[in-house]
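To keep things clear, I will list the structure first and then write my remarks on it.
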Amino acid sequence: MKQLCSVNFLIFIVSVAALVSGLGFMLWGHQELAHGIWTGGAVPALVFLVYETLRALARREAGVDMLALISICGAIVLQEYLTGVVIAVMLASGRSLESFAQRRAGREMSALLAKAPRTANRFDNDAVVQVPLDQVRPHDRLLVRSGEIIPVDGDLTSRIAILDESALSGESTPVERREGATLRSGVLNAGAPFEMRATASANESTFAGIVRLVSAAQSAKAPASRLADRYALWFVPLSLGMAGVAWLLTGDPVRALAVLVVATLCPLILSVPIAIVSGMSICAKRGVLIKGGGYLEQLAQTRVLFFDKTGTLTSGRAQLMSVKSSRGINPNVVLGVAASLDQMSGHVIASAVVNAARERGLSLSLPTEVKELGGAGLSGNVDGKLAVIGSYEFVTSLVPSPDWAQAFLHDVAEEGGVAVFVAIEGAVAGALHLADQIRMETPRALRLLRRAGIQHIIMLTGDNQQIAETIGAVVGVDEVLAEQTPAGKQAAIEAGRRRGITMMVGDGVNDAPALAAADVGVAMGARGAAASSEAADVVLLVDRLDRLAEALHTAHMTRAIALQSVIAGMGLSVVAMLIAAWGYLPPLYGAFLQEVIDVAVILNALRALRIVPLRVSQHSLSAVELQALRADHLALAPILDRLTSVTRELNTIAPAQIRQAVVELDLLLQEKLFPHERADDTDVYPVLANLLGGDDPMAAMSRTHREIFELGRRLRRIVATIPVDGIPESETVAELQRILYGLEAILRLHFAQEEEIYQNLE
Numbered sequence: 001m002k003q004l005c006s007v008n009f010l011i012f013i014v015s016v017a018a019l020v021s022g023l024g025f026m027l028w029g030h031q032e033l034a035h036g037i038w039t040g041g042a043v044p045a046l047v048f049l050v051y052e053t054l055r056a057l058a059r060r061e062a063g064v065d066m067l068a069l070i071s072i073c074g075a076i077v078l079q080e081y082l083t084g085v086v087i088a089v090m091l092a093s094g095r096s097l098e099s100f101a102q103r104r105a106g107r108e109m110s111a112l113l114a115k116a117p118r119t120a121n122r123f124d125n126d127a128v129v130q131v132p133l134d135q136v137r138p139h140d141r142l143l144v145r146s147g148e149i150i151p152v153d154g155d156l157t158s159r160i161a162i163l164d165e166s167a168l169s170g171e172s173t174p175v176e177r178r179e180g181a182t183l184r185s186g187v188l189n190a191g192a193p194f195e196m197r198a199t200a201s202a203n204e205s206t207f208a209g210i211v212r213l214v215s216a217a218q219s220a221k222a223p224a225s226r227l228a229d230r231y232a233l234w235f236v237p238l239s240l241g242m243a244g245v246a247w248l249l250t251g252d253p254v255r256a257l258a259v260l261v262v263a264t265l266c267p268l269i270l271s272v273p274i275a276i277v278s279g280m281s282i283c284a285k286r287g288v289l290i291k292g293g294g295y296l297e298q299l300a301q302t303r304v305l306f307f308d309k310t311g312t313l314t315s316g317r318a319q320l321m322s323v324k325s326s327r328g329i330n331p332n333v334v335l336g337v338a339a340s341l342d343q344m345s346g347h348v349i350a351s352a353v354v355n356a357a358r359e360r361g362l363s364l365s366l367p368t369e370v371k372e373l374g375g376a377g378l379s380g381n382v383d384g385k386l387a388v389i390g391s392y393e394f395v396t397s398l399v400p401s402p403d404w405a406q407a408f409l410h411d412v413a414e415e416g417g418v419a420v421f422v423a424i425e426g427a428v429a430g431a432l433h434l435a436d437q438i439r440m441e442t443p444r445a446l447r448l449l450r451r452a453g454i455q456h457i458i459m460l461t462g463d464n465q466q467i468a469e470t471i472g473a474v475v476g477v478d479e480v481l482a483e484q485t486p487a488g489k490q491a492a493i494e495a496g497r498r499r500g501i502t503m504m505v506g507d508g509v510n511d512a513p514a515l516a517a518a519d520v521g522v523a524m525g526a527r528g529a530a531a532s533s534e535a536a537d538v539v540l541l542v543d544r545l546d547r548l549a550e551a552l553h554t555a556h557m558t559r560a561i562a563l564q565s566v567i568a569g570m571g572l573s574v575v576a577m578l579i580a581a582w583g584y585l586p587p588l589y590g591a592f593l594q595e596v597i598d599v600a601v602i603l604n605a606l607r608a609l610r611i612v613p614l615r616v617s618q619h620s621l622s623a624v625e626l627q628a629l630r631a632d633h634l635a636l637a638p639i640l641d642r643l644t645s646v647t648r649e650l651n652t653i654a655p656a657q658i659r660q661a662v663v664e665l666d667l668l669l670q671e672k673l674f675p676h677e678r679a680d681d682t683d684v685y686p687v688l689a690n691l692l693g694g695d696d697p698m699a700a701m702s703r704t705h706r707e708i709f710e711l712g713r714r715l716r717r718i719v720a721t722i723p724v725d726g727i728p729e730s731e732t733v734a735e736l737q738r739i740l741y742g743l744e745a746i747l748r749l750h751f752a753q754e755e756e757i758y759q760n761l762e
């Protein structure tokens with residue numbers, strides 16, 4: 001790429017120097033010398049075009065390069081030396097501009113598989129020695145330290161290992177492997193150091209196989225033709241035919257010369273690269289790196305979209321979904337104790353728990369006497385109380401299991417994710433459900449992608465069919481392909497190409513083969529693996545899926561502007577050729593007219609710099625305002641958790657305790673949640689309505705507030721009917737549950753709708 005850019009730039013410098021110096025000698029009366037200089041200035045471009053044309057013919061292709069070659073040769077043969085060097089200048093400048101954009105994009109990318117292991121820690125005579133990866137053989141005893149990548153495939157010989165397999169499986173939640181389990185290369189050790197026995201060499205391991213899949217897919221993908229090539233195919237014979245007919249009918253070669261002068265290639269040579277590079281620049285400003293103009297053109301024609309689930313449709317990392325608390329214990333207490341203890345652990349799940357507590361504004365304590373059993377859990381003193389957190393097996397090996405544990409574990413297994421149990425002073429206080437959540441912007445992003453021209457959306461995932469279909473239904477995809485391996489994803493992409501031009505969006509090494517196989521591969525490169533970023537044609541440098549919809553819209557607009565420039569330029573050239581063929585446009589005036597056409601189409605191409613991103617609203621909230629609005633929602637999350645907990649406990653707690661539970665919940669709603677909703681209606685919604693525009697864009701949201709307040713009033717009336725020292729009737733309990741279930745559902749939906757509005761205004 002660098003060499004090609006250097007050659008184009010050198011040709012540009014030589015041709016410009018020849019053009020300027022030739023004009024100088026022409027003004028001084030040295031016409032022959034000027035002609036020689038102009039010819040010499042066109043020769044480097046001519047030689048380069050011959051080389052490129054021969055390569056294209058070897059691939060059975062022809063396009064702008066052949067058109068440029070014929071034009072420069074024709075100009076020299078017909079002694080239009082100035083025309084020849086002008087074409088050389090235009091050609092070299094357009095090529096340099098396009099090559100510069102591609103080279104700049106390439107610099108943003110890391111080397112292929114930059115994070116791949118290069119060495120392994122091998123036991124030699126009970127000493128650990130670091131050896132090159134190619135020296136590892138089957139049956140070698142290896143040590144994998146914390147944070148290291150498993151270098152080769154093998155079997156686990158230590159008692160336990162905690163692994164982050166997201167690079168291969170696409171699943172973000174770390175998994176626990178027991179002694180004897182099969183380990184795959186490319187997996188990250190997310191826990192304590194462990195020992196393993198190699199079962200394959202580096203070349204025969206999983207990671208090397210993925211690299212070979214990437215290489216094979218990249219080599220099999222046909223090169224994309226430039227937009228201008230298709231128009232050159234008919235413009236070349238048309239211009240030559242018109243020149244030949246004019247000469248044949250009149251016997252005057254000057255008319256043929258005039259036709260060829262106005263048939264220059266500038267609208268094709270310059271307008272397309274300028275529009276394409278402008279579109280690429282706009283995308284880069286929005287955090288979307290497109291590696292070449294050809295990929296932008298194909299992006300504009302994409303109709304079939306494949307998504308990997310983890311890291312693309314979902315966040316790709318564990319997040320707190322819910323808090324289950326034992327009877328009489330506040331969920332915030334459970335989360336606070338867990339986060340306080342998890343501060344002392346480097347486990348990725350521990351980090352997710354701590355982040356969740358901090359987002360909710362909980363105050364964390366510094367634990368003492370902390371002990372950690374790698375991959376199982378921790379114990380220690382938190383505010384003078386003995387606390388234990390970890391897996392169900394670990395916690396219940398120390399304290400009795402609660403009666404709700406199995407139901408909770410069943411729910412977690414159904415919904416996907418991991419369960420973290422929390423015990424305080426010898427009893428289980430609660431449990432946390434952590435899972436990979438759907439990105440907040442995903443449903444909106446998919447709607448915008450459909451609006452931008454995508455006709456069919458398919459989700460690929462390694463999840464089981466049930467979980468995959470649930471997520472697919474939530475985000476709104478057309479088809480779900482579950483339990484997919486990297487090779488299976490690649491095969492699905494290749495089969496999907498029969499429907500039209502395909503795009504694959506993925507994150508992680510396991511997606512690299514599919515990214516390379518698709519017509520357009522898009523990597524979530526903000527935190528994605530080097531292999532996926534390198535195999536992709538487009539990289540989202542910002543970890544936001546809706547930016548892809550903006551890029552698709554920009555690609556459509558860019559291609560439309562480029563087409564306008566090409567069609568207008570070629571159309572004007574055809575009209576000028578007809579005028580020249582009839583003898584009304586001498587070659588000299590034809591050259592001036594052609595320059596006017598060139599300037600017009602170039603100015604039109606520059607309109608691509610003013611493309612407006614695809615947005616629902618052209619107004620936005622400031623970062624401070626957005627942060628404040630989202631902070632309000634995070635502060636209300638514990639109230640929603642408490643609402644969920646009380647709703648599900650009504651059938652299990654003692655009847656005499658029901659009134660106290662719902663009274664406390666009602667007080668929490670009246671003091672914290674309902675005032676927030678009223679403030680939204682009076683203070684926040686008018687501001688949002690002004691930004692969104694229209695007659696009353698927040699009417700539906702205000703109507704939801706009224707429904708929330710009505711459910712709150714019904715809850716208070718029911719609570720008032722329960723005797724202070726009595727037991728509520730079964731009908732009353734059932735009505736309470738209906739109200740609370742309805743309130744929970746509408747609040748969660750309402751918060752999600754508000755978040756989508758915030759996304760639109762970001």
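In terms of the UniProt record's numbering, the sequence shown opens at residue 1 and continues consecutively.
Glycine included, every Cβ here is placed at the ideal spot set by N, Cα and C.
State the CB to CB distance for the pair Gly380 and Ser391, rounded to an integer number of angstroms; the pair is presumed to be in contact (CB under 8 Å).
That belief does not hold up - the Cβ atoms of Gly380 and Ser391 are roughly 16 Å apart, past 8 Å.
Where in the region 269 to 352 do unbroken runs of the alpha helix (DSSP H), each at least 4 residues long, occur, reported from the N-terminal end onward?
Whole alpha helix (DSSP H) segments, 4+ residues: 272 to 285, 293 to 300 and 331 to 342.
Cut-off 7 Å between Cβ atoms - residues of its own chain near Pro586, not counting five sequence neighbours on either side
Around Pro586, the same chain offers Ala258 as residues with beta carbons nearer than 7 Å, after the five sequence neighbours per side are excluded.
Could you spell out where the beta strand (DSSP E) holding Leu163 opens and where it closes?
Element bounds for Leu163: Ile160 to Asp164.
For the pair the region 657 to 673 and the region 692 to 704, tell me if three or more CB-CB distances fall below 8 Å.
The region 657 to 673, when compared against the region 692 to 704, does not touch it at the 8 Å Cβ threshold.
I need the straight-line Cα distance from Val14 to Gly147, nearest angstrom please.
Just so you know, the alpha carbons of Val14 and Gly147 end up roughly 54 Å apart.
Would you call Gln31 buried or exposed, if buried means 16 or more other Cβ atoms sit within 10 Å of its Cβ?
Result: exposed.
Cβ-Cβ distance between Val152 and Ala198 below 8 Å
The beta carbons of Val152 and Ala198 sit closer together than 8 Å.
For Met524, which residues in the same chain have their Cβ closer than 6 Å to its Cβ, ignoring the five residues on either side in sequence?
Listed in chain order, the non-local C-beta contacts of Met524 below 6 Å within the same chain comprise Gly311, Thr312, Asp507 and Leu540, local neighbours out to five positions each way being set aside.
For Leu552, which of Val662, Val304 and Gly476 has the nearest alpha-carbon?
Check the Cα spacing between Leu552 and each of Val662, Val304 and Gly476: the tightest is with Val304.
Determine, using beta-carbon pairs with one atom in the region 269 to 283 and one in the region 559 to 574, whether at least three such pairs fall under 8 Å.
Inter-segment contact for the region 269 to 283 and the region 559 to 574 is present: three or more beta-carbon pairs are separated by less than 8 Å.
Should the region 419 to 428 be regarded as contacting the region 330 to 338, the criterion being three or more beta carbon pairs within less than 8 Å?
By the Cβ criterion, the region 419 to 428 is in contact with the region 330 to 338, since at least three pairs of Cβ atoms, one from each stretch, lie closer than 8 Å.
Below 8 Å between beta carbons: does that hold for Leu398 and Val388?
For Leu398 and Val388, yes; Cβs fall inside 8 Å.
Which residues bound the alpha helix (DSSP H) around Val575?
Per DSSP, Val575 belongs to the alpha helix (DSSP H) from Asp546 to Ala581.
Would you call the region 647 to 667 and the region 715 to 722 touching, i.e. three or more CB-CB distances under 8 Å?
Yes: the two stretches touch, three or more of their Cβ pairs being nearer than 8 Å.
Return the bridge partner residues of Ser15 from the DSSP annotation.
BP columns for Ser15 are empty, so no partner.
So which of Ala518, Val85 and Glu414 has the shortest CA-CA distance to Gly36?
That would be Val85, whose Cα lies nearest to the Cα of Gly36.
Going by DSSP in three states, Met459 sits in which element: helix, strand or coil?
In the structure shown, Met459 sits in a strand (DSSP, three-state: E or B).
Beta carbon of Ala202 nearer than 8 Å to that of Asp134
In this structure, Ala202 lies near Asp134, with their beta-carbon atoms less than 8 Å apart.
Count the C-beta pairs between the region 563 to 583 and the region 315 to 327 that are closer than 8 Å, then say yes if the count reaches three, no if not.
Touching, no, given that fewer than three Cβ pairs across the two stretches are closer than 8 Å.
Could you give the residue range of the beta strand (DSSP E) that holds Ser379?
Looking at the DSSP string, the run of the beta strand (DSSP E) that includes Ser379 is Gly377 to Val382.
7 Å CB neighbourhood of Ala637 in its chain, flanking five on each side removed:
So the qualifying residues of the chain are Arg360.
Whole-angstrom C-beta distance between Glu649 and Arg327, which should lie under 8 Å
The pair is a contact, with the Cβ atoms about 7 Å apart (cut-off 8 Å).
Close beta carbons around Ser205, own chain, < 6 Å, minus the five adjacent residues each side
The answer, listed in chain order, is Val152, Asp153 and Ser185.
For the ligand ATP, is there any heavy atom lying closer than 7 Å to the beta carbon of Gly186?
Among the components modelled here there is no ligand, and therefore nothing to report on the ligand ATP.
Within 10 angstroms of its Cβ, does Ser110 collect 16 or more other Cβ (buried), or is it exposed?
Because the pLDDT of Ser110 is 39, which lies under 50, any placement of that residue in the model is unreliable, and the question is left without a value.
With distances taken between CB atoms, is the gap from Leu299 to Ala514 smaller than 8 Å?
No, the Cβ-Cβ distance between Leu299 and Ala514 is not below 8 Å.
Within 10 angstroms of the Cβ of Trp28, are there 16 or more other Cβ atoms? Answer buried if so, exposed if not.
Trp28 is exposed by the Cβ-count criterion.
Nearest candidate by alpha-carbon position, reference Ser573, set Lys385, Ser363, Arg547 and Val601
For Ser573, the closest alpha carbon among the candidates Lys385, Ser363, Arg547 and Val601 is that of Val601.
Helix, strand or coil for Asn189 per DSSP?
Assignment of Asn189 by DSSP, reduced to helix, strand and coil, places it in the strand class.
Which of helix, strand or coil does DSSP assign to Leu23?
DSSP, reduced to helix, strand and coil, places Leu23 within a helical segment of the structure shown.
How many Å lie between Ala56 and Val89 at the Cα?
In this structure, the alpha-carbon of Ala56 lies about 22 Å from that of Val89.
Just the Cα atoms here: how many angstroms apart are Gly569 and Leu603?
In a straight line, the C-alpha of Gly569 is about 11 Å away from that of Leu603.
At the level of alpha carbons, what is the spacing between Glu393 and Ala405?
The alpha-carbon of Glu393 is positioned some 11 Å away from that of Ala405.
Taking 8 Å as the limit between beta carbons, can you name the residues of its chain near Val136, skipping five residues before and five after?
The answer, listed in chain order, is Ala120, Arg122, Leu142, Pro151, Val152, Ala198, Ser201 and Ala202.
Every unbroken alpha helix (DSSP H) within the UniProt domain "Hemerythrin-like" (627 to 759), with a cutoff of 4 residues, ordered by chain
Runs of the alpha helix (DSSP H) inside the UniProt domain "Hemerythrin-like" (627 to 759): 655 to 668, 674 to 679, 685 to 692 and 699 to 721.
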